[in-house]
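>
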Amino acid sequence: MSIGANTVLRGVALSVFLMLAACARDTVTLLPGADGGSSGTVAVLSEDGESIALINEPYQVGSVRGDAVSTRTASAEEVETNYGDLIRTLPAEPAIYVLYFEEGTTNLMQRSAPEMKKLLADVAERPGAEVQVTGHTDAVGKAADNDILSLQRAARVRDLLIGMGVPPGDVISVGRGERALLIETEDEVEEPRNRRVEVTVR
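Residues -24 to -1, 1 to 178, numbered by mature numbering (1 follows the signal peptide of the UniProt record, and there is no 0), are exactly what the sequence shown covers, in order.
#1: How long is the line joining the alpha carbons of Ala156 and Lys118, rounded to whole angstroms?
#2: Taking the beta carbon of Gly13 as the centre, do at least 16 other beta carbons fall within 10 Å, making it buried, or is it exposed?
#3: Measuring only the C-alpha atoms, how far is Val99 from Asp135?
#4: Restricting to Cα atoms, I'd like to know which of Ala71, Asn170 and Thr113 is closest to Lys94.
#5: As an exercise, report each continuous beta strand (DSSP E) stretch of at least 3 residues that is fully enclosed by the region 57 to 83, in chain order.
#6: Kindly give me the distance between the Cβ atoms of Glu166 and Glu79, rounded to whole angstroms, as I take these residues to be in contact under 8 angstroms.
#7: Do Glu91 and Leu66 come within 7 angstroms of each other at the CB atom, strictly closer than that value?
#8: In this structure, does DSSP put Arg169 in helix, strand or coil?
#9: For Cys(-2), which three-state DSSP category applies?
#10: For Glu54, count neighbouring Cβ atoms within 10 angstroms of its own Cβ and tell me buried if that reaches 16, exposed if not.
#11: Count the other CB atoms, across all protein chains shown, that sit within 10 Å of the CB of Gly38; report buried if there are 16 or more and exposed otherwise.
#12: Measuring alpha carbon to alpha carbon, tell me which residue in Ala105, Asp121 and Ala115 is nearest Val175.
#13: Which residue's Cα is closest to the Cα of Thr17: Ser27, Thr5 and Glu26?
Structure representation (structure tokens):
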């Protein structure tokens, strides 16, 4: 993977980037994660692979010039000045919203209303966003019945989103039944936190 002379990274996992440099200096700047903290770790290597530096803090900068690697921490203001226009063109990071349901039904619990409001606002701010709706159940009942119920829950949320103006082609709905419990339980144990739909907006 080649990296240009000045690269800004956001939301990376543990990754290794080879910086190829001749006379020019190549730099990598790590942006904060969604929570303002670290977004991962990047290993910056010299051309000969002998020098290495890890950057893993917001606004940390790794630079390569020939066989030398150096790091420093930039200010938020410096990054905004140098990369603000570029950063604003990056796609927003995926967001996940969790909505909870009454037992054995496709009725949203009242406590999910604020989360639904945030979800709709987020989708409205991302024209052309892809929305994946994944339904889940707890471990009460037959697995086959829970497969159906989870899909019905996902379809219910999909219909709500479409009713609020989200284009049907932008919303995918799937059901996972009791296969992906948020809270692990024995079979036939009620757990309200498992009766949910997770909505991923990207």
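All C-beta atoms in this analysis are idealised placements derived from N, C-alpha and C, irrespective of residue type, glycine included.
On the basis of the coordinates in this document:
#1: Position 180 of the sequence shown holds residue 156. Position 142 of the sequence shown holds residue 118. Answer to the nearest angstrom: the Cα atoms are 15 angstroms apart.
#2: Along the sequence shown, read from residue 1 onward, the residue named residue 13 stands at position 37. Per the 10 Å Cβ criterion, exposed.
#3: The residue labelled residue 99 in the question sits at position 123 within the sequence shown. The residue labelled residue 135 in the question sits at position 159 within the sequence shown. Using only the alpha carbons, I get a separation of about 14 angstroms.
#4: Position 118 of the sequence shown, counted from the first residue, corresponds to residue 94. The candidate whose alpha carbon is nearest that of Lys94 is Ala71.
#5: 71 to 76
#6: Position 190 of the sequence shown holds residue 166. Position 103 of the sequence shown holds residue 79. Contact holds; Cβ gap of about 7 angstroms.
#7: The residue labelled residue 66 in the question sits at position 90 within the sequence shown. The residue labelled residue 91 in the question sits at position 115 within the sequence shown. No; because the gap between Cβ atoms is not below 7 angstroms, this pair is not in contact.
#8: Within the sequence shown, the letter at position 193 stands for residue 169. It is helical.
#9: Walking along the sequence shown from the start, residue -2 turns up at place 23. Here the model assigns Cys(-2) a pLDDT of 41, short of 50, so the residue's position is not dependable, and the following value carries that caveat. Of the three classes helix, strand and coil, the one that applies to Cys(-2) here is coil, per DSSP.
#10: Here residue 54 refers to the residue found at position 78 of the sequence shown. Exposed is the call here.
#11: To locate residue 38, count along the sequence shown from 1; it is residue 62. Classification for Gly38: buried.
#12: Here residue 175 corresponds to residue number 199 of the sequence shown, with the count starting at 1. When only C-alpha atoms are compared, the closest one is Ala105.
#13: Translated into positions along the sequence shown, residue 17 becomes position 41. Checked all of Ser27, Thr5 and Glu26; the closest Cα to Thr17 is Thr5.
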